[in-house]
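Numbering (our numbering), first residue to last: 1297 to 1683. Where is the CB? At the ideal position from N, CA and C, for every residue including glycine.
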């Protein structure tokens, strides 16, 4: 299959998954974003991330994905929505449930911690077996650090680490503060500290293992977390503005999105986050330039999403299902990309990508079920509940 055909098929599939069963939102609805709709959109974006990571991996192997390279540029938008939705959901629940902090560790942090370590041990086992075959070995310290998740054998696991750090910070902050705005300001400061650490950490010197915060993906979407919290805090006022000026905001955000997309593509192609490897004397400023553009790009994207959602009500069983396993999909996708790569060499993208998608979804579903068993939760894959 040609990459051009694969591109259009993927876009059609993503559009169908997202908008199947959608309807016009009733004019009297004042709230058009909540934890459930956020989780549903995450389901569609999880499928998008499967495609994105596959294209990134092909490009890293110097297999030109041609027109499929389109998906290379938009992974940050998907992740920015994950952070935005997480921040929104946390502060919304805290403001409406006075007992929300009680049991928070088990309800939120362990929900990420358990699948993280399951996936971590899958990657560690695979890496150790690969080293046996290649007659190589890790140092004892590397194995121990990897066992406890301090080293990430696969950097795609970074999202789970970062969201757990944010959850722990949220638990500590909102167990003490009484006013939501105070808590949001403190959480913003926490996020800025995390972004600064990432900004100065550079990149990993090895493709096998790395410490936390290595790479721009650790910080170039993180600011959307407190922005999601701020939106939840000022939701009524912001929604009134969106509904009142719908056409103007839709046109303006669409135009800005196209313009920023063009600028962002050029920055990515110029390796704006990697200029220290090309002799730049001002690589931190280069990184800040990339961060500034991408932050604006993400904000415009989120405004565009919220504006569309003010008029369109989405929801169907497929994205509900994918929304449940979205975290597991993000963490497990790479191992299927790697192990099924032979299919790409034999049959091309038309067989390889569907196999990667199907394999990732099956494995993610299994890990999700194991997680629920460990946490003694009754929510299943197909019960329609959001957890």
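- DSSP lists 1320 as the beta-bridge partner residues of residue 1608.
- By alpha-carbon distance to residue 1653, the top candidate from 1625, 1609, 1677 is 1625.
- Here residue 1582 is near residue 1568, since their CB atoms are less than 8 angstroms apart.
- Here residue 1466 has 1386 as same chain residues with Cβ atoms under 6 angstroms from its own Cβ, once five neighbours each way along the sequence are excluded.
- Around the beta-carbon of residue 1629, 16 or more other beta-carbon atoms lie within 10 Å, marking it buried.
- Between the alpha carbons of residue 1314 and residue 1324 lies a distance of about 23 angstroms.
- For residue 1453, there is no enclosing alpha helix (DSSP H), as DSSP marks it with neither H nor E.
- Inclusion of residue 1381 and residue 1611 in the CB contact set at 8 angstroms is not warranted, their separation being larger than that value.
- As the crow flies, the alpha-carbon of residue 1555 is around 31 angstroms from that of residue 1317.
- When secondary structure is reduced to three states using DSSP, residue 1448 falls in the strand class.
- Setting aside the 5 residues that flank it on each side, residue 1539 is surrounded in the same chain by 1326, 1606, each with a C-beta closer than 8 angstroms to its C-beta; the list follows chain order.
- In the structure shown, residue 1550 falls within a helical segment according to DSSP collapsed to helix, strand and coil.
- Distance from the Cα of residue 1507 is smallest, within the candidate group 1564, 1532, 1443, 1463, for 1443.
- For residue 1567, the three-state secondary structure derived from DSSP is coil.
- Rounded to the nearest whole angstrom, the C-alpha separation of residue 1677 and residue 1338 is 15 angstroms.
- Residue 1578 sits exposed, since fewer than 16 C-beta atoms from the chains shown fall within 10 Å of its C-beta.
- Residue 1649 is a Cβ neighbour of residue 1347, given a cutoff of 8 angstroms.
- With fewer than 16 other Cβ atoms from the protein chains shown falling within 10 Å of its own Cβ, residue 1544 counts as exposed.
- Counting along the chain, the unbroken alpha helix (DSSP H) around residue 1615 starts and ends at 1613 to 1620.
- Judged by DSSP secondary structure, residue 1667 falls within the alpha helix (DSSP H) whose first and last residues are 1645 to 1670.
- Residue nearest to residue 1407 within the set 1490, 1418, 1463 is 1463 (criterion: CA-CA distance).
- The distance from the Cβ of residue 1350 to that of residue 1621 is about 17 angstroms, inconsistent with a contact at the 8 angstroms cut-off.
- The region 1511 to 1523 makes contact with the region 1581 to 1595: 3 or more CB pairs, one atom from each, lie closer than 8 angstroms.
- Note on geometry: alpha-carbon atoms of residue 1509 and residue 1299 lie some 33 angstroms from one another.
- Of the other Cβ atoms in all chains shown, 16 or more fall within 10 Å of the Cβ of residue 1640; this residue is therefore buried.
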